[in-house]
Structures are given as structure tokens and as C-alpha cells.
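Just add 187 to the spot in the sequence shown (first one is 1) and you have the numbering used here.
Reading through the C-alpha cells given below for one structure.
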Amino acid sequence: MDTAKCAAVLKTVELGNLTAAAEALGYTASGMSRAVASLEAELGFPLFTRSKAGVTLTPDGRAMLPALSELVAAQRACDEQAAAIRGAVCGSITVGSAYRQFYRQLAGIIAAFHDEHPGIAVNLVEANSSILLASLERRELDFAIMSRREGDHRWTPLLRDPMVAVLPADHPWAGRKTFPIERYAEEPFIEVYPGEDCDNARTLAACGVKPRPRYTVRDTHAAFALVEAGLGITLMNDIYARDTRSAIAFMPLAPRTDIEIGVATPASALSPALAAFEDFALPRLSAQSQALAGK
Numbered sequence: 188m189d190t191a192k193c194a195a196v197l198k199t200v201e202l203g204n205l206t207a208a209a210e211a212l213g214y215t216a217s218g219m220s221r222a223v224a225s226l227e228a229e230l231g232f233p234l235f236t237r238s239k240a241g242v243t244l245t246p247d248g249r250a251m252l253p254a255l256s257e258l259v260a261a262q263r264a265c266d267e268q269a270a271a272i273r274g275a276v277c278g279s280i281t282v283g284s285a286y287r288q289f290y291r292q293l294a295g296i297i298a299a300f301h302d303e304h305p306g307i308a309v310n311l312v313e314a315n316s317s318i319l320l321a322s323l324e325r326r327e328l329d330f331a332i333m334s335r336r337e338g339d340h341r342w343t344p345l346l347r348d349p350m351v352a353v354l355p356a357d358h359p360w361a362g363r364k365t366f367p368i369e370r371y372a373e374e375p376f377i378e379v380y381p382g383e384d385c386d387n388a389r390t391l392a393a394c395g396v397k398p399r400p401r402y403t404v405r406d407t408h409a410a411f412a413l414v415e416a417g418l419g420i421t422l423m424n425d426i427y428a429r430d431t432r433s434a435i436a437f438m439p440l441a442p443r444t445d446i447e448i449g450v451a452t453p454a455s456a457l458s459p460a461l462a463a464f465e466d467f468a469l470p471r472l473s474a475q476s477q478a479l480a481g482k
């Protein structure tokens, strides 16, 4: 099976559009369509449902996705291993972060890594921790800075970060020592990343608290703005809260809930490029992460 066609399918899934996938991979639109159609013919069933809005995976296509990802990852690892045997470590890796607060450290690490390994390209993506883990397990991602999640991967802890209550500055509870998590069931709630498996949703669920969202947002700065306007309260990782200049109050939760932030990498079969990056980046991230640690 032609792994280039498999890669074309994976890029189409990622972007949701054949034209965008063609541009990303350097195909013509017709060439991308032929590559996908050829793989569908080889498999004997359609992978996508096509519409004017783009493409979506069929149930059969969704079932094939892990195997296609494995094939592309294996081809990449084979190419990189051959290059390493020839004496040149090259290839590409994709690094994800659930926390923009790590971008400065990552940028410095990637720049220094490039000086030592100019043949390895590093791509940087952003998503929440559960989405990053799913991408890692599909072999679409190689190295993820994220909150700890269950799964088949190697885990390197970096720091522990508390969850905090985020309140308007004039809220009656502002200035107290702690904020009882049970009050989230009583207060106007601003839900961040609604419907997603993120740390705030996990924290509330673990305590059996069911808030009633009045507003929903998909950006932490938007949540802070709504809180500052007095429209409600929210729940946030402290690492995000310390990154805002909004005139709002942050309070420790009662009971205290800490989130372990670290690095997830594949459980096995590291490519030479990823092994080189892991050996280079992990010690530096560990040394620099305490500056981001919550109190």
C-alpha cells in the first residue's frame, strides 16, 4: 500500500478539505482527489463522504484511520532509521502543547536543537490535553506537553499546578482564603471548552459538582473578560490564571486539586529523530519548568 496515499488521507482528515490538504502536501487539487480515490479503490470502500462543505470520514474510514496512521509512522521511522545508519539523523517530528506558557521555553529548545540537528524539522501544534493524547496514540503527534491522562504512552512529569477559582474582583467571596468547589453548582458559570475532556470539567466531575453554564467560551482570555465584566465565575488551571492582566480575583479551591503537567511520548518504537529530540528537550524542560510551577 502506497504510504503517500495514506498520508494524503490523513492530511485530508486533519484539515477536513481536499483542497486544503492538497495545498499542504504540494499536490494539485485533482492530484489529491486521484490519490484518495485510488486508495479507496484499493481498499474496496469509500473513506470519505463528500459535500460542498468538505469531507467527513465514513464509518469504514474511521475504522481504517489507526491502521493508516501506523503505516505512515512506520514509513517515516524506516526512512529516518536508514538515514541514521548512513550517519545523518533527519526527518520531522510534531510537538504539541496544551499550554501556551511553554512556548517561550519550547522556542529556545527548538532553536538550540536545530543547531545540532539541522536535518530534523520540528512542527508545533496546540490543543487540549485529551486531544493531544488522541493524536499521540494515532501516531500523528510525537511529543506532547499536557496534563496527565490515562493511556498507552510514556510519561515524564514536569510540575504540579493547582486549579483555581476565577471570580469578579468585587465578588462576595473574593479575598477569602479558599473557594468551596460546591459553590459552582450555585453561581453563574462560564464554561471554558464546553463538551471537551479538559481539566476544569474533570475537576468538577470528580467532586460531583454540576454547574449550570450561563456562558460558554473556547478561549481562556475570553473567559477572563466575561468574569471581569461580572457575568459569572469560572474554573481554571493556575498556569493560565497567572498569565492574565485582567482585574479579577483568583482563589485556591477547597478541596485543593493539583494537576500534574508533563510530557507524553509514544510507548515504544521511537524514530531516531524523536529519540534525538527527546534526549535533548526533556532535561531542558525539566530544568526550566519550575519557573512555571504554581505555589
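Ideal Cβ positions, reconstructed from N, Cα and C, are used throughout, including at glycine.
Computed from a prediction, not measured in an experiment: that's the story for all the values here.
Item to check | Contact check, Val200 vs Ala331, beta carbons under 8 Å | outcome: no
Next on the checklist: Using a Cβ distance threshold of 8 Å, determine whether the stretch 279 to 286 contacts the stretch 324 to 342, with at least three qualifying pairs required.
Outcome noted: yes
Item to check | Close beta carbons around Ala194, own chain, < 6 Å, minus the five adjacent residues each side | outcome: Val259
Item to check | Distance, Ala208 Cα to Tyr483 Cα | outcome: Residue 483 is absent from the model: the chain starts at 188 and stops at 482.
Item to check | Selection from Ile307, Ala308, His340, Pro305 that minimises the alpha carbon distance to Ser322 | outcome: His340
Checklist entry - Grouping DSSP H, G and I as helix and E and B as strand, with all else coil, what is Lys482? => result Residue placement at Lys482 is poorly supported in this model, since its pLDDT is 47, which falls under 50; the coordinates still yield a value, given next. Three-state DSSP puts Lys482 in coil, outside helix and strand.
Checklist entry - If you draw a straight line from the alpha carbon of Ser225 to that of Gly248, how long is it in whole angstroms? => result 14 Å
Next on the checklist: In whole angstroms, give me the CA-to-CA distance for Ala468 and Val276.
Outcome noted: 16 Å
Checklist entry - Taking the DSSP output, what are the residues bridged to Phe330? => result Val282
Item to check | Residue interval of the beta strand (DSSP E) (run including Arg341) | outcome: 340 to 355
Next on the checklist: To the nearest angstrom, how far is the alpha carbon of Arg325 from that of Pro253?
Outcome noted: 6 Å
Checklist entry - So, does the CB of Glu257 fall closer than 8 Å to a CB anywhere in chain B? => result The question asks about chain B, but that chain is absent: this structure has only one protein chain.
Checklist entry - Helix, strand or coil for Thr199 per DSSP? => result helix
Item to check | Anticipated Cβ contact below 8 Å, Leu234 with Leu244, distance rounded | outcome: 7 Å
Checklist entry - Are the Cβ atoms of Pro439 and Val351 separated by less than 8 Å? => result yes
Checklist entry - What are the residues that DSSP puts in a beta bridge with Ala434? => result In the DSSP output, where bridge partners are listed per residue, Ala434 has none listed.
Checklist entry - Which whole-angstrom value describes the C-beta separation of His304 and Ala462, a residue pair presumed to lie in contact below a C-beta threshold of 8 Å? => result So it is not a contact: roughly 11 Å between Cβ atoms.
Item to check | C-beta atoms of Ala428 and Val309 nearer than 8 Å | outcome: no
Checklist entry - So, are the CB atoms of Met219 and Leu202 less than 8 Å apart? => result no
Next on the checklist: I need the DSSP call for Val276, collapsed to helix, strand or coil.
Outcome noted: coil
Checklist entry - Between the C-alpha atoms of Lys482 and Ala393, what's the straight-line distance to the nearest angstrom? => result Unreliable positioning characterises Lys482 in this predicted model, as indicated by a pLDDT of 47, which lies under 50. The coordinate reading is nonetheless provided below. Whole-angstrom Cα-Cα distance: 22 Å.
Item to check | Among Asn424, His301, Asp430, Arg443, the one whose alpha carbon lies nearest that of Ser316 | outcome: Asn424
Item to check | Distance CB(Pro381)-CB(Ala441) smaller than 8 Å | outcome: no
Checklist entry - Within 10 angstroms of its Cβ, does Asp357 collect 16 or more other Cβ (buried), or is it exposed? => result exposed
Checklist entry - Can you name the start and end residues of the alpha helix (DSSP H) that Ser473 belongs to? => result 459 to 476
Checklist entry - DSSP state of Ser455, grouped into three classes? => result coil
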